[in-house]
Each structure stands twice: as C-alpha cells, then as structure tokens.
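**Q**
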Amino acid sequence: MSAKEMYAFFKDQFGLDERLSVALMGAHTLGGAKPENSGHTGDFVEHQAHKFNNKYYRIMFKKDHDWAQVISQGTNGQVTKWRWDGHHADSGDKVGMMLNTDFELLYDIKQNDEGESSCEVMPGKNQCERYRTFDTARQYSKVRTIILHPANSICLVN
Ligand code: HEM
Numbered sequence: 247m248s249a250k251e252m253y254a255f256f257k258d259q260f261g262l263d264e265r266l267s268v269a270l271m272g273a274h275t276l277g278g279a280k281p282e283n284s285g286h287t288g289d290f291v292e293h294q295a296h297k298f299n300n301k302y303y304r305i306m307f308k309k310d311h312d313w314a315q316v317i318s319q320g321t322n323g324q325v326t327k328w329r330w331d332g333h334h335a336d337s338g339d340k341v342g343m344m345l346n347t348d349f350e351l352l353y354d355i356k357q358n359d360e361g362e363s364s365c366e367v368m369p370g371k372n373q374c375e376r377y378r379t380f381d382t383a384r385q386y387s388k389v390r391t392i393i394l395h396p397a398n399s400i401c402l403v404n
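For the sequence shown, counting from 1, position 2 maps to 248 in the numbering used here; every step adds exactly one.
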C-alpha cells in the first residue's frame, strides 16, 4: 500500500486528514506482529510493547539506528512480504520492527506487489523520497504527548 493509498483509506473510512492519520498510527507504539497472524514478526518498538509514548516516531528518526528490509516468514502459508527491522548501529541491539505503512509517515515507499521497497529509509544512496507528512511525524517525535480531540484537532504537549 503506497502512502497515498494509506492516507486515502484513512480519509475515506474515518474522515481523517493526514495529520490525524499520522497521530493515529502512533498506536503502533504498542504490541507487534506474530508469524501466525499477519506473517510478520516482532514488536514495533522493542522492549516496550505495553508502554505508550512517542518512541514509535522517535526510533524512525534516530540517526544511529540502521533499518533494513527483511522477508517475513509466516507460519500460515501467507504470501511473501517484507518488513523493516531496526538495530542500533553501534551495539547491534534491536530497536523495533516497521511495516512499509509505518515508514510511509516519513517516506514515499516505492514497492512491488510483495511489498519489497526499491528505496532505502536510511540516509545515503537511493534514499526514499520524503512524503509530505515527514515534518508532522518529526514533530510528533519531539513532543511528549499528542492529544486527539473529538473535533478533529490535535494538541501537542512538551
Ligand atoms: C495502514 C494501517 C495499518 C496497517 C497496515 C496495520 C498493520 C498491522 C499488522 C500487520 C499488525 C500485526 C498483527 C499481528 O501479526 O498480530 C498490526 C498490529 C497492531 N496494530 Fe496495526 N495497522 C494499521 C493501523 C493501525 C491503527 C490505525 C491502529 C489503532 C489505532 C493499529 C493498532 C495496532 C496494534 C495495537 C497492534 C498490535 C497488536 C498485538 O500486539 O497483538 N494499527 N497492525
């Protein structure tokens, strides 16, 4: 699913604009994926599947994190698909797992039918182009609390 398709889905199904959609995706601070369910593996934010804060956004922006594409091996015969696993550049410790739709808060991910991206989310050669929600996601990575008001407005608390 491209970034454009994802934001169109949130708009059509829930009436959310892109700023609210980026905020709602922060739900992926919690929990993760299992091979027997989606076919993907790992917690979105390593070591804090049950704690809610803005680390989901933060780990996608950290310069000392390496994110690389990995093939997900499902246990229910799911079709081949790809995810991103992140590790500390120095220690090699895992920091999290993202789907293309997670990184599409930052980038326009060009992908084939199996979800394999033809560009990288790391700075350097062949980096994916920034999507127009990049700055919104970066803003959320810098605040402590994002409050979603019923009237479709957002309050950021430092
Ligand atoms: C483009 C939109 C989204 C996609 C493609 C997506 C995809 C996924 C996938 C594949 C999983 C792993 C499921 C598993 O293997 O058990 C997952 C987990 C999860 N998603 Fe999403 N998701 C999206 C949006 C959302 C939204 C809007 C919310 C809530 C507001 C949400 C909340 C969660 C939570 C809490 C989990 C963890 C579940 C667990 O640990 O058992 N997701 N999502």
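Idealized CB from N, CA, C, for every residue including glycine.
Quick one: does the C-beta of G342 sit closer than 6 Å to a heavy atom of the ligand HEM?
**A** G342: no, Cβ never under 6 Å from the ligand HEM.
**Q** Can you round the beta-carbon distance between A383 and L351 to whole angstroms, since I take them to be within the 8 Å contact cut?
**A** Confirmed, Cβ separation roughly 4 Å.
**Q** Relative to the ligand HEM, is the shortest distance from any of its heavy atoms to the C-beta of N299 smaller than 6 Å?
**A** False, no ligand heavy atom lies under 6 Å from that Cβ.
**Q** Quick one: give me the first and last residue of the alpha helix (DSSP H) that S267 is part of.
**A** Segment 264 to 270, the alpha helix (DSSP H) holding S267.
**Q** With DSSP as the reference, label H274 as helix, strand or coil.
**A** Of the three classes helix, strand and coil, the one that applies to H274 here is helix, per DSSP.
**Q** Based on DSSP bridge pairs, tell me the residues matched to G342.
**A** V291, G332, per the DSSP bridge assignment.
**Q** Apply the 10 Å Cβ neighbour rule to C401 and answer buried if 16 or more other Cβ atoms are within range, or exposed otherwise.
**A** Exposed, by the Cβ-count rule.
**Q** Starting from T391, trace the beta strand (DSSP E) in both directions and tell me its first and last residue.
**A** 391 to 394 is the extent of the beta strand (DSSP E) around T391.
**Q** V341 and I305 - do their beta-carbons sit closer together than 7 Å?
**A** Cβ distance < 7 Å, so I305 and V341 count as in contact.
**Q** Can you look up E350 in the DSSP assignment and give me helix, strand or coil?
**A** Coil at E350, not helix or strand.
**Q** Leaving aside the five residues before and after I317 along the sequence, list all residues of the same chain whose C-beta is less than 7 Å from its C-beta, in chain order.
**A** Same-chain partners within the cutoff: T326, W328.
**Q** According to DSSP, is Q319 part of a helix, a strand, or is it coil?
**A** Here Q319 sits in coil by DSSP.
**Q** Can you give me the Cβ contacts of H334 inside the same chain, cut-off strictly under 7 Å, excluding the 5 residues immediately before and after it?
**A** Only D310, H311, V341 meet the Cβ criterion.
**Q** Use the C-beta contact count for E292: other C-beta atoms within 10 angstroms, 16 or more gives buried, fewer gives exposed.
**A** Buried is the call here.
**Q** For A249 and F260, what's the separation of their Cα atoms in angstroms?
**A** Their Cα atoms are separated by approximately 16 Å.
**Q** Which residue from R378, Q319, V403, D381 puts its Cα closest to that of R390?
**A** Considering only alpha carbons, the answer is V403.
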